[in-house]
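Reminder that position 312 of the sequence shown reads as 312 in the working numbering, one-by-one numbering, no gaps.
Each residue gets a CB set at the ideal place from its N, CA and C atoms; glycine is no exception.
Before any comments, here is the structure.
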Amino acid sequence: MTERNGTTKESAEVRPAPAGHRDDAAASLGDYRAAFHAGRLAMAVLNRDGLVLAANPAFGELVGADPEELVAATAADLTDLGADPRVWTAYREVLCGRSDRMRCTRRLKHPEGHSVWVEVTVEPLTPEPLSGEERMLLSVADISDRHDLLARLRHLQMHDPVTRLPNRALFFERLSAALEAASFEPAGTGRIGLCYLDLDGFKAVNDTLGHRVGDRLLSAVAQRLTRCAEGTADRGSGRGEHLVARLGGDEFALLVENSTGTEQVAELAQRVLDALQRPFDLAGQRLSVSASIGVVERTATGTTATGLMQAADTTLYWAKEDGKARWTLFDPERNAHRMTRQALSSTLRPAVDRGEFTLEYQPLIGLGDGRAQGVEALVRWRHPQFGTLPPNRFIALAEENGAIVELGRWVLERACHQARSWQLAHPSDQPLFVSVNVAVRQVWDSDLVADVAGILAETGLPPELLQLELTESAVMGSAGRPLQALQALSDMGVRIAIDDFGTGYSNLAYLSRLPVSVLKLDGSFVRGFRSQEHPNPADEMIVEALVALAHRLGLTVTAECVESAEQAERLRRIGCDTGQGWLYSRPVAPDRVAALFI
1 MTERNGTTKE SAEVRPAPAG HRDDAAASLG DYRAAFHAGR LAMAVLNRDG
51 LVLAANPAFG ELVGADPEEL VAATAADLTD LGADPRVWTA YREVLCGRSD
101 RMRCTRRLKH PEGHSVWVEV TVEPLTPEPL SGEERMLLSV ADISDRHDLL
151 ARLRHLQMHD PVTRLPNRAL FFERLSAALE AASFEPAGTG RIGLCYLDLD
201 GFKAVNDTLG HRVGDRLLSA VAQRLTRCAE GTADRGSGRG EHLVARLGGD
251 EFALLVENST GTEQVAELAQ RVLDALQRPF DLAGQRLSVS ASIGVVERTA
301 TGTTATGLMQ AADTTLYWAK EDGKARWTLF DPERNAHRMT RQALSSTLRP
351 AVDRGEFTLE YQPLIGLGDG RAQGVEALVR WRHPQFGTLP PNRFIALAEE
401 NGAIVELGRW VLERACHQAR SWQLAHPSDQ PLFVSVNVAV RQVWDSDLVA
451 DVAGILAETG LPPELLQLEL TESAVMGSAG RPLQALQALS DMGVRIAIDD
501 FGTGYSNLAY LSRLPVSVLK LDGSFVRGFR SQEHPNPADE MIVEALVALA
551 HRLGLTVTAE CVESAEQAER LRRIGCDTGQ GWLYSRPVAP DRVAALFI
């Protein structure tokens with residue numbers, strides 16, 4: 001038959017192979033069958049439906065049956081291929097011809113009772129030479145020895161060599177698995193708990209007694225932690241023991257899967273504290289240690305391993321900050337406050353450059369004549385996210401991270417400019433002075449004397465119209481540079497005031513050796529003057545004695561937090577010079593200070 005293009009189309013029928021070829025194929029098939037039956041590798045030939053067409057003796061021995069009895073058996077049942085959905089899908093892909101091979105590892109039950117780890121491979125065979133039937137070869141290799149070796153290597157890799165506990169890697173693996181399982185396990189509680197601890201003072205053990213004793217102590221601690229976990233695990237629920245792990249150094253973690261609530265995890269933490277407080281006897285060394293523990297318990301849904309550990313680490317820090325040798329429960333509100341502090345701390349320096357700070361002023365009123373003598377500059381932070389913040393929200397942070405030097409210089413410069421503008425706008429025989437708070441770190445970390453001199457020269461403000469306030473704890477006991485700086489400022493004509501006097505060291509004898517001109521009594525004393533009906537005689541006696549002493553030393557006294565006319569009158573009667581508080585005015589913007597001159 002001729003095609004349109006002139007070529008010859010051959011017949012579609014299958015022509016039988018020559019007799020010689022059939023004999024060669026039969027001989028070759030016989031060789032394959034001999035190798036199939038004699039091989040030590042367990043093998044079976046399957047059809048496209050996954051049924052056994054033939055099995056060799058090694059396969060029969062593996063599954064505990066005569067090879068002839070396995071014909072027409074379902075191969076997936078014999079090799080446990082249907083137990084795992086992913087394995088079953090890959091297996092079906094090979095049977096259907098959409099994949100060339102699948103390989104998986106399965107654990108089979110040997111006829112003698114022990115388990116065998118095997119590697120199962122399924123791949124297509126060359127079609128039957130005579131019938132053309134498509135077949136699959138299933139081979140099963142015993143990899144128990146290799147699996148055991150890998151398991152031992154993994155155990156070494158995932159366990160701490162000193163304590164034999166799970167290490168950080170295994171802990172996070174188990175934690176992630178527990179969080180995932182808790183979200184889908186209907187029989188569980190859907191909650192998770194964690195005790196994160198470290199030993200108080202462990203470094204001292206290593207430094208004084210050596211690392212060998214330190215390792216023995218860690219091992220003994222691990223044993224006690226394990227017993228604590230065993231004692232609180234809910235065996236009746238079938239959930240097993242809690243996981244105890246060493247995360248590194250002297251840090252340990254106890255994971256409570258399917259926790260029943262905060263009380264369960266807190267009970268475990270207290271049990272750990274009690275167990276570790278008992279002395280340890282280590283080869284003649286008797287040691288006593290304690291631990292600080294961070295406790296976190298929450299719903300597993302929406303929780304990540306990283307988030308849980310961050311919460312636990314934060315709570316452990318709280319436990320140490322609160323005094324050590326205790327457990328502390330995670331507090332979302334306290335954590336939110338910490339996060340806010342961190343956010344504020346990280347943006348303090350840029351906020352100065354962005355001009356987010358402003359000053360308000362509160363008058364200092366003479367108790368004798370009721371006239372304004374000066375104003376105290378109070379800084380405010382107009383934060384773009386948190387709104388206007390008072391000094392107590394950020395000054396301590398600025399002192400911690402060093403931003404107080406730059407911020408303090410800005411406050412000093414801005415206040416002096418403002419005081420000079422008032423002086424020029426409202427000439428007076430008694431112009432208002434401006435009082436500026438100075439942190440002790442400004443004295444240590446900057447040249448405060450040079451800064452003040454430069455700002456006064458730049459603004460033209462007379463030195464006597466500037467008062468610098470330092471806290472009592474910063475001034476008392478000053479020596480060296482701080483004392484020299486205060487003396488230089490005083491010699492310059494700047495007034496020095498001790499703020500919050502009465503709350504720090506109260507070293508009264510030291511006052512005579514300091515270049516101080518003003519004492520500002522802490523508001524806690526003034527609160528005792530609140531009403532005539534309920535007076536506090538002790539507060540009045542203390543204030544009266546302090547005022548008398550200050551006057552004998554040539555100092556003036558300012559009372560803070562004056563809120564009522566009764567307080568002001570009693571303070572005036574015992575000789576206090578000036579008052580400051582809401583009775584006279586709240587802190588106001590610079591343009592409202594002008595009313596004080598009238």
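Put simply, the backbone Cα of R271 is about 27 Å away from that of A187. The stretch 433-447 makes contact with the stretch 389-406, as at least three CB pairs between them are under 8 Å. For V120, the enclosing beta strand (DSSP E) begins and ends at S115 to P124. Judged by DSSP secondary structure, D281 falls within the beta strand (DSSP E) whose first and last residues are F280 to L282. Going by DSSP, H383 is part of the beta strand (DSSP E) stretching over A372 to H383.
Per DSSP, the continuous alpha helix (DSSP H) segment holding N335 begins and ends at P332 to D353. For E68 against R101, the beta-carbon gap comes to about 28 Å, at or over 8 Å, which does not count as contact.
Within the DSSP secondary-structure output, L197 pairs in a beta bridge with F252 and I293.
Counting only residues of its own chain and dropping the five nearest sequence neighbours on each side, P363 has a CB closer than 6 Å to the CB of A372, V375, Y584, S585 and L596. DSSP places K320 in the uninterrupted alpha helix (DSSP H) bounded by A305 to E321. Taking C-beta separations shorter than 7 Å and ignoring five residues to either side along the sequence, C96 has no partners in its chain. The stretch 331-338 makes no contact with the stretch 277-286; the number of CB pairs closer than 8 Å stays below 3. Going by DSSP, R286 is part of no alpha helix (DSSP H) but of the beta strand (DSSP E) stretching over Q285 to L287. Counted as a single uninterrupted DSSP element, the alpha helix (DSSP H) harbouring E93 occupies residues P85 to L95.
Each of A182, R393 and F357 was checked against the Cα of A300, and the nearest Cα belongs to A182.
In this structure the stretch 67-82 does not lie against the stretch 159-173, because fewer than three pairs of beta carbons, one per stretch, are closer than 8 Å. Note: N437 is bridge-paired with E469 in the DSSP secondary-structure output. A straight line joining the alpha-carbon of A65 with that of P166 spans about 41 Å. Rounded to the nearest whole angstrom, the C-alpha separation of S490 and P515 is 6 Å. In the DSSP assignment, W327 forms a beta bridge with I293. L125 sits exposed, since fewer than 16 C-beta atoms from the chains shown fall within 10 Å of its C-beta.
For A42, the enclosing beta strand (DSSP E) starts and ends at A42 to L46. Where E458 is concerned, the enclosing alpha helix (DSSP H) starts and stops at L448 to T459. Judged by their CB atoms, V296 and L194 are nearer to each other than the 7 Å cut-off. Look at Q580 here: in three-state DSSP terms it is coil, with no helix or strand label.
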